[in-house]
Amino acid sequence: MSLRLWNPNSAFGGFGGFDDDLFAMPYGLLDIPPSLTRFKDDTMRHSSPRYEITENDKQFRLAVDVPGVKADHIKVELENNGRVLHISGDRKEKTDTSYKAFKFDNRFPLGRNLDTSKIVAHLSDGVLVLTAPKMEKLPPTTQKIEIIQGDPPAMVDVEEGKKTDKKIE
């Protein structure tokens, strides 16, 4: 058996699949269709671009290497109420007879101390740089809540905006 590169399209864990010497049997013995054994000629390749995360007291910075990818082929989104940064994209490379497509898709969890409404993205020389300022830390505050004696107010039905007869017990 020989060493193989990881293949994300493999049905068997991504390492070689039916490309290994162990599975190099003629079609019919294991009834494996030839389409499952064709991994080397795939026209769609997945890659995971290199990235670097840095931060200081004032900001968070993420730099992602995306050589050859144009800005209109990159999608940057915030998910899960601004807690996850999702970056995806693709580029096409022309070969002698056809095109090969490369795709990437990464998610980065963000800390709660970032102001995600002010994230900025810049693309220059094949590097996508995203920066987000950190929120100022406010000193902890306490607030006294007055206790009122008597029956609590009736519940308000949100859909109709009317009071109901239900009381909190």
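The sequence shown: position 158 = 838 (the numbering used here), numbered continuously. Every residue gets a Cβ at the ideal spot worked out from N, C-alpha and C, and that includes glycine.
| Item | Value |
| --- | --- |
| CA-CA distance, Thr822 and Pro813? | 26 Å |
| For His802, tell me which candidate among Asp737, Arg741, Arg730, Glu735 has the shortest Cα-Cα distance. | Arg741 |
| So what does Ser768 bridge to, in DSSP terms? | Lys755, Asp785 |
| Just to confirm, are Leu765 and Leu790 a CB contact at a threshold of 8 Å? | yes |
| Let me know if Gly694 comes out buried or exposed under the rule of 16 or more other beta-carbons within 10 Å of its beta-carbon. | Here Gly694 scores only 45 on pLDDT, less than 50, and its place in the model is too uncertain to base an answer on. |
| Got a sec, what are the start and stop residues for the beta strand (DSSP E) Val809 sits in? | 807–813 |
| Does DSSP put Ser797 in a helix, a strand or coil? | helix |
| Buried or exposed for Ile767, please, with buried defined as at least 16 other CB atoms from any protein chain shown within 10 angstroms of its CB. | buried |
| Just the C-alpha distance for Ala781 and Lys750, rounded to the nearest angstrom, thanks. | 13 Å |
| Which class does Val746 belong to by DSSP, given the choice of helix, strand or coil? | coil |
| Which residues share a DSSP beta bridge with Ser728? | Looking at the DSSP assignment, Ser728 forms no beta bridge with any residue, so it has no partner. |
| Give the secondary structure of Phe703 by DSSP, where H, G and I count as helix, E and B as strand, and everything else as coil. | Below a pLDDT of 50, predicted positions are generally treated as unreliable, and Phe703, at 43, falls in that range; no measurement from the model is reported. |
| Would you report the Cα separation of Gly769 and Val838, rounded to the nearest angstrom? | 42 Å |
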